[in-house]
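In our numbering, the protein residues as written are 16 to 326. Cβ coordinates follow ideal geometry from the N, Cα and C atoms, glycine included. Encoded as structure tokens, the structure appears first; notes follow it.
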């Protein structure tokens, strides 16, 4: 397996995707996950007429540094929220599919919609039907640009009872009912750890439908997005399951909180309102790059321990 990580690691330290890509030089990482997660906001370049420039700039920067993009995360959008700007949400989602084609990315994570109308576990039928309609609306773009859309597991600690894809079996059921080769799955091991899940079983249940990973850690309650081995996730079970199913994708980190920023979610750094200035509330880019090198070494250690590391 080859290591990859999200350009979201540097989102808080840079002003655009191309700058985030440039920050990976010398960290060890060669393969990147393009994050479109935060592109929906007023006057966003991604929603404007020249939206492709941001994408091509990032691609050109990666090419100059000998890096490539191997997966992506779509914009944060809930298609089942009646209060969401659905015109912006669908536009951004469809553009992220096209952008993947521009960057040579085959796998794009697209979160399912959620609502209090379909609660876990009794709301399965309604949840499946509503999300089938949403994903069907993406199929023309998926087919046009030859991009796989991946559903993702979550946890009650994030979503309460409003979300259904908690286990590998549930995800496989939806994928097989949907019955389209371009709809597959990503497994987030941090979300599963929040549920105390048997990740070996979940990953085996996904089997050939598992196209990508989100590797992150936590202490089992909050979605902290730490680096693996900084929390309580059983990484042996994860890697052994991946080897069992013959997983041939990337070992992709989503561990952007191994250094937390002052306003970072889910834990905000305490601030004394009586202070006149703050010099170390946030780590700087140089320190984050040191952390990124450590993240790469953690991944290398884990995969080398199972004789499955590829450079």
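By the neighbour-count definition (other C-beta atoms within 10 Å, threshold 16), residue 261 is an exposed residue.
Residues 108, 109, 112, 125, 164 of the same chain have their beta carbon placed closer than 8 Å to that of residue 153, with the five preceding and five following residues left out of the count. Under the 10 Å beta carbon count, residue 87 is surrounded by 16 or more other beta carbons and is classified as buried.
With a contact defined as Cβ atoms closer than 8 Å, residue 273 and residue 242 qualify at about 4 Å.
Beta bridge pairing from DSSP links residue 66 with no other residue. The bridge partners DSSP lists for residue 163 are 122. Cβ-Cβ distances below 6 Å link residue 323 to 16 in the same chain, with the five nearest sequence neighbours on each side left out; the list follows chain order. Residue 214: not part of any beta strand (DSSP E); member of the alpha helix (DSSP H) spanning 214-221, first to last residue. Closest in C-alpha terms to residue 265, from the list 170, 117, 314, comes 314.
For the 8 Å CB-CB criterion, residue 167 and residue 180 form a contact. The continuous beta strand (DSSP E) containing residue 88 extends over residues 83-88. Separation of the CB atoms of residue 200 and residue 221 is rounded to 5 Å, and the pair is thereby assigned contact status at 8 Å. Residue 72 and residue 138 have their C-alpha atoms roughly 43 Å apart. The three-state reading of DSSP puts residue 267 in strand, counting E and B together. Short of 8 Å from the beta carbon of residue 80, and not among the five residues preceding or following it, lie these beta carbons of its own chain, in chain order: 36, 37, 39, 40. Judged by DSSP secondary structure, residue 19 falls within the beta strand (DSSP E) whose first and last residues are 18-21. Take the alpha-carbon of residue 116 and the one of residue 23: they are about 20 Å apart.
In the three-state scheme derived from DSSP, where H, G and I count as helix and E and B as strand, residue 282 is classed as coil. Note: residue 241 is bridge-paired with 232 in the DSSP secondary-structure output.
The C-beta distance from residue 238 to residue 281 rounds to 6 Å, short enough to meet the 8 Å contact threshold. Beta-bridge partners of residue 47 (DSSP): 20, 84. Residue 201 has 167, 227 as its beta-bridge partners, per DSSP. When rounded, the separation of the alpha-carbon atoms in residue 89 and residue 150 is 13 Å.
Residue 92 and residue 53 have their C-alpha atoms some 10 Å from each other. Shown here, residue 191 sits in a helix according to DSSP, grouped into three states. Per DSSP, reduced to three states, the secondary structure at residue 325 is strand. Annotated three-state conformation of residue 295 is coil, per DSSP.
296 is the residue among 128, 270, 289, 296 whose C-alpha sits nearest the C-alpha of residue 276. The Cβ-Cβ distance between residue 229 and residue 190 does not fall below 8 Å. Assigned with DSSP and collapsed to three states, residue 39 falls in coil, not helix or strand. The alpha-carbon separation between residue 206 and residue 132 amounts to approximately 22 Å. Rounded to the nearest whole angstrom, the C-alpha separation of residue 245 and residue 134 is 32 Å. About 5 Å separates the beta carbon of residue 118 from that of residue 74, a gap short enough to meet the 8 Å contact definition.
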